[in-house]
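S.K.: The sequence shown: position 255 = 255 (UniProt numbering), numbered continuously.
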Amino acid sequence: MDRVTFCQRSYPNLAVVARVVHDDRGDFMVSREVRSTGYIAQGEHDDRTAPQFRNRKDRGPHKGRSYDRSRRGRQRGGFGGPGPRSRLDDTDGDVTMSDNSQDNSSQHRYRLMLMKTTHYGDRPFRKGGDGRFDKDRRQGKGGGRGGGFRADRGGGGGRGGVKARSGWYKVTIPHGRKYDKKWLLTALQNICSVTYTPVQYHVDHNRAHFFLDDSSAANALHKCSHKITDADGYKVEVHVNPSAPPSFLLSDLKPEHLEHPEALDLNNIRTDPDLVSQNIEVILNRKTNMEAVIKIIEGNIPELTSLNLSNNRIHKLDELAELVTKVPHLKTLNLSHNELKSDRELDKLKGLKLVELWLNRNPLCDLFKDQASYISAVRQRFPRLLKLDGNDLPAPIGFDVETPTTIPPCKGSCFGSDEIKAIILRFLQQQPLLDAYHDGASLSLTTPYSTQNPSRSSLGEYHKDSRNLKRLKDSTIRFRLLKHTRLNVVAFLNELPKTQHDIASFTVDVNTYTNTLLSFTVSGVFKEVAVDGKSRESTMAFSRVFITVPAGNTGLCIVNDQLFIRMATTEEIRRAFVAPAPTPSSSPVPTLTAPQQEMLTAFSQKSGMNLEWSQKCLQDNEWDFNRAAQIFTQLKTEGKIPDVAFIK
Numbered sequence: 001m002d003r004v005t006f007c008q009r010s011y012p013n014l015a016v017v018a019r020v021v022h023d024d025r026g027d028f029m030v031s032r033e034v035r036s037t038g039y040i041a042q043g044e045h046d047d048r049t050a051p052q053f054r055n056r057k058d059r060g061p062h063k064g065r066s067y068d069r070s071r072r073g074r075q076r077g078g079f080g081g082p083g084p085r086s087r088l089d090d091t092d093g094d095v096t097m098s099d100n101s102q103d104n105s106s107q108h109r110y111r112l113m114l115m116k117t118t119h120y121g122d123r124p125f126r127k128g129g130d131g132r133f134d135k136d137r138r139q140g141k142g143g144g145r146g147g148g149f150r151a152d153r154g155g156g157g158g159r160g161g162v163k164a165r166s167g168w169y170k171v172t173i174p175h176g177r178k179y180d181k182k183w184l185l186t187a188l189q190n191i192c193s194v195t196y197t198p199v200q201y202h203v204d205h206n207r208a209h210f211f212l213d214d215s216s217a218a219n220a221l222h223k224c225s226h227k228i229t230d231a232d233g234y235k236v237e238v239h240v241n242p243s244a245p246p247s248f249l250l251s252d253l254k255p256e257h258l259e260h261p262e263a264l265d266l267n268n269i270r271t272d273p274d275l276v277s278q279n280i281e282v283i284l285n286r287k288t289n290m291e292a293v294i295k296i297i298e299g300n301i302p303e304l305t306s307l308n309l310s311n312n313r314i315h316k317l318d319e320l321a322e323l324v325t326k327v328p329h330l331k332t333l334n335l336s337h338n339e340l341k342s343d344r345e346l347d348k349l350k351g352l353k354l355v356e357l358w359l360n361r362n363p364l365c366d367l368f369k370d371q372a373s374y375i376s377a378v379r380q381r382f383p384r385l386l387k388l389d390g391n392d393l394p395a396p397i398g399f400d401v402e403t404p405t406t407i408p409p410c411k412g413s414c415f416g417s418d419e420i421k422a423i424i425l426r427f428l429q430q431q432p433l434l435d436a437y438h439d440g441a442s443l444s445l446t447t448p449y450s451t452q453n454p455s456r457s458s459l460g461e462y463h464k465d466s467r468n469l470k471r472l473k474d475s476t477i478r479f480r481l482l483k484h485t486r487l488n489v490v491a492f493l494n495e496l497p498k499t500q501h502d503i504a505s506f507t508v509d510v511n512t513y514t515n516t517l518l519s520f521t522v523s524g525v526f527k528e529v530a531v532d533g534k535s536r537e538s539t540m541a542f543s544r545v546f547i548t549v550p551a552g553n554t555g556l557c558i559v560n561d562q563l564f565i566r567m568a569t570t571e572e573i574r575r576a577f578v579a580p581a582p583t584p585s586s587s588p589v590p591t592l593t594a595p596q597q598e599m600l601t602a603f604s605q606k607s608g609m610n611l612e613w614s615q616k617c618l619q620d621n622e623w624d625f626n627r628a629a630q631i632f633t634q635l636k637t638e639g640k641i642p643d644v645a646f647i648k
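(1) Starting from T570, follow the beta strand (DSSP E) in both directions and report where the run begins and ends.
(2) List the endpoints of the continuous beta strand (DSSP E) containing T499.
(3) Given a threshold of 16 other Cβ atoms within 10 Å of its Cβ, counted over all protein chains shown, does R153 qualify as buried or as exposed?
(4) For R381, does the count of other Cβ atoms within 10 angstroms reach 16, so buried, or fall short, so exposed?
(5) Considering only DSSP beta bridges, list what H484 is partnered with.
(6) In whole angstroms, what separates the C-alpha of Q596 from that of L481?
(7) The alpha helix (DSSP H) that contains C617, what's its start and end?
(8) Have a look at T514 and E322 and give me their C-alpha separation to the nearest angstrom.
(9) May I have the straight-line CA-CA distance separating S306 from Y374, to the nearest angstrom?
(10) Do the CB positions of S442 and K483 come within less than 8 Å of each other?
(11) Where D318 and K235 are concerned, what is the direct C-alpha to C-alpha distance, given to the nearest angstrom?
(12) Do V199 and T288 come within 8 Å of each other at the CB atom, strictly closer than that value?
(13) Assess contact between the stretch 227-242 and the stretch 173-186, defined as three or more Cβ pairs (one per stretch) separated by less than 8 Å. Is contact present?
(14) Which of the three DSSP states, helix, strand or coil, is assigned to G524?
(15) With 16 as the cutoff for other CB atoms within 10 Å, does T329 come out buried or exposed?
(16) Of the residues A217, L600 and E291, which one's Cα is nearest the Cα of V612?
(17) Using DSSP with H/G/I as helix, E/B as strand and the rest coil, what is V293?
(18) Do T539 and V525 count as a contact pair if the criterion is CB distance below 8 Å?
(19) Could you give the C-beta distance for S336 and W358, rounded to a whole number, given that I count them as a contact under 8 Å?
(20) Can you tell me where the beta strand (DSSP E) holding E419 begins and where it ends?
(21) Measure the C-alpha to C-alpha separation of I503 and K527 and round it to an integer number of angstroms.
(22) Rounded to whole angstroms, what is the Cα-Cα separation between Q630 and N621?
(23) Between the C-alpha atoms of D92 and K227, what's the straight-line distance to the nearest angstrom?
(24) Closer than 7 Å by C-beta to L309: which residues in its own chain qualify, once you throw out the five before and the five after it? Chain order, please.
(25) With a threshold of 16 other CB atoms inside 10 Å of the CB of Q429, please say whether the residue is buried or exposed.
(26) Would A363 and L388 qualify as a contact pair, given that the criterion is a beta-carbon distance under 8 Å?
(27) Under the assumption that F542 contacts S523 (Cβ atoms under 8 Å), give the Cβ distance between them as a whole number of angstroms.
(28) Distance check for H239 and G142, CA to CA, integer angstroms please.
(29) Please go through the same chain and pick out, in chain order, the residues whose beta-carbon is closer than 6 Å to the beta-carbon of R207, but skip the five residues on each side of it.
(30) With 16 as the cutoff for other CB atoms within 10 Å, does Y196 come out buried or exposed?
(31) If you drop the 5 nearest sequence neighbours on each side, which residues of the same chain put their C-beta closer than 6 Å to that of C617?
(32) Which residue's Cα is closest to the Cα of I294: I407, D392, T499 and V327?
(33) Fully enclosed by the stretch 279-360, which alpha helix (DSSP H) runs are 4 residues long or longer?
(34) Could you tell me the boundaries of the alpha helix (DSSP H) in which residue 668 lies?
(35) Between the alpha carbons of N360 and D347, how many angstroms are there, rounded?
(36) Buried or exposed: S225, going by 16 or more other Cβ atoms within 10 Å of its Cβ?
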């Protein structure tokens, strides 16, 4: 609805007509006309819209700029013709207050249009605004109607959100000083479709500002402009523009907090007098603030060795995890007087090589029954720690290897003596399973514990019978999976998939031997054999621990058999089944002639192989010493002779 307020004052030969137009949004516009003839009238509006005259260049009775009609006509479509209307023109036209108004073509018209608005719209001036902001708007640095924010210019006029290159955005609330901070932020968050955290809320002159580092939140907040009505009935305008990362922390920390380039003291930084005096809030239990601190440390003091974050209400350490890679030289960390509730938060900092840590006055300290368990829990994360909460700790016991160490190569079989070797080899060659086990024998099968679906694993056939004590907690199931008595053990072994073993991969290690007991381990690789005789692609490895007792004069009988099956390693797969290697016999089966016995002894001495493997090599080459020596040299160069062949 239009509202016109007039106060007339008489002057000779002049008439001034003033019109105030008020719309539904709370905007109002002042339009004036000064006529050179007619009834004398000068319109003035109330105090809220008092005109401001600038750039006085003439000595006429009015203080506004004068424009001659011909110039205005050319700019607006030609002499006398109606040109396009300006967005500053009122929609109802001019109101003439003179009794003897003349035709437009016979009189000079001086027109002055001044507009101020208490509504935060797309007008170039703002009630209560400062000149610098209005200047920025006229130069394209502010956000226009539609309020698009553009990364290339940093100003308004666009109609779509564009992601800032820096990832940061500055939100400006014109006339935000008059609003309570809590009310304003709550109102914005209630209508914003994206949850966000304002960074560095502060008031500059008549405007309120804060920063965002989330493009989706910036776009959503930009759409909230003109959607909040304040207590005076005016709409709240929101400007969002791309911005460089806020530099408030760096500029405010340098003078005092960075006196020592290797130490940074942010104790109770929220109440720092310098920051408070500038209306800057640094709340380190907020993600964006802590990330800003980490970024500043990384870019300016990466050699930091001591960091004090005490008294900052920190309740989690997710953002501090970046210190592990960005501040690798950090040795001292103070997290005392915070709100850390669990020692599991320390796992996020395990990569730090801390020697001093402060955690006192955190809730997590009350979770331990004594000081020893508290120290142990902390040292599990930081084994090099020498001081905790200001108290010296005993020197840590560690096995840090500062220089690379070559691990000794894996050796072959270990029998202990030739006598035990002959007994074991003879035992391994026997075929009847039933005769190999004691009447009260027991057997267990174990596969590695895995979260993978057993049916999809290559060990699926073995998982169902696996007696892995780490996985099985039920004592009844444990007992059922343990096979008892000779008949049950042999029956179980016969039900396992048929296999093809790589004899060359076998190693035998004697664990214990006495006059009444012999324990040894046999390891190697194998493949499963299908019904059609073809082996499966998957190569598996086994380790089998036998506990045996004497049987007969020279035999053994198994009383306990522990079978462990796993998938073969890459190296085991590479070396598996590269050359056929039959099981060596413990003693020559055929009777050798005297020349053959001499040749066998000489070949064993020159090749280094034991008599069993030396005899096999000579027999395969029809007792041709030279040819056998040539084949031996070739196979040894290729690494195809198993280690067991050289055990004497």
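Yeah, the Cβ is synthetic: ideal placement off N, Cα and C, and Gly gets one too.
On a predicted model such as this, the values are computed, not experimentally measured, just so you know.
M.R.: Well, looking at it:
(1) T570 -> not in any beta strand (DSSP E); alpha helix (DSSP H) instead, spanning T570 to R575.
(2) T499 to H501
(3) With a pLDDT of only 37 at R153, under 50, the local geometry of the prediction cannot be trusted, and no value is derived from it.
(4) buried
(5) S442
(6) 52 Å
(7) L611 to D620
(8) 58 Å
(9) 23 Å
(10) yes
(11) 39 Å
(12) yes
(13) yes
(14) strand
(15) Sequence inspection shows His at residue 329; the Thr mentioned does not correspond to that position. Flag for H329 reads exposed.
(16) Rather than Val, the amino acid found at residue 612 in this sequence is Glu. Checked all of A217, L600 and E291; the closest Cα to E612 is L600.
(17) helix
(18) yes
(19) 4 Å
(20) From DSSP, E419 is part of no beta strand (DSSP E) but of the alpha helix (DSSP H) over D418 to L428.
(21) 12 Å
(22) 10 Å
(23) The predicted position of D92 is uncertain, since its pLDDT is 40 and thus under 50; a value taken from the coordinates is nonetheless stated next. For D92 and K227, the distance between alpha carbons rounds to 28 Å.
(24) L266, L284, N334 and L335
(25) exposed
(26) The displayed chain sequence assigns Pro, not Ala, to residue 363. Cβ distance not < 8 Å, so P363 and L388 don't count as in contact.
(27) 7 Å
(28) Below a pLDDT of 50, predicted positions are generally treated as unreliable, and G142, at 41, falls in that range; no measurement from the model is reported.
(29) T172, P174 and G176
(30) buried
(31) A628 and F632
(32) V327
(33) 287-300 and 323-326
(34) A query on residue 668 cannot be resolved here, the shown segment of the chain reaching from 1 to 648 and no further.
(35) 17 Å
(36) buried
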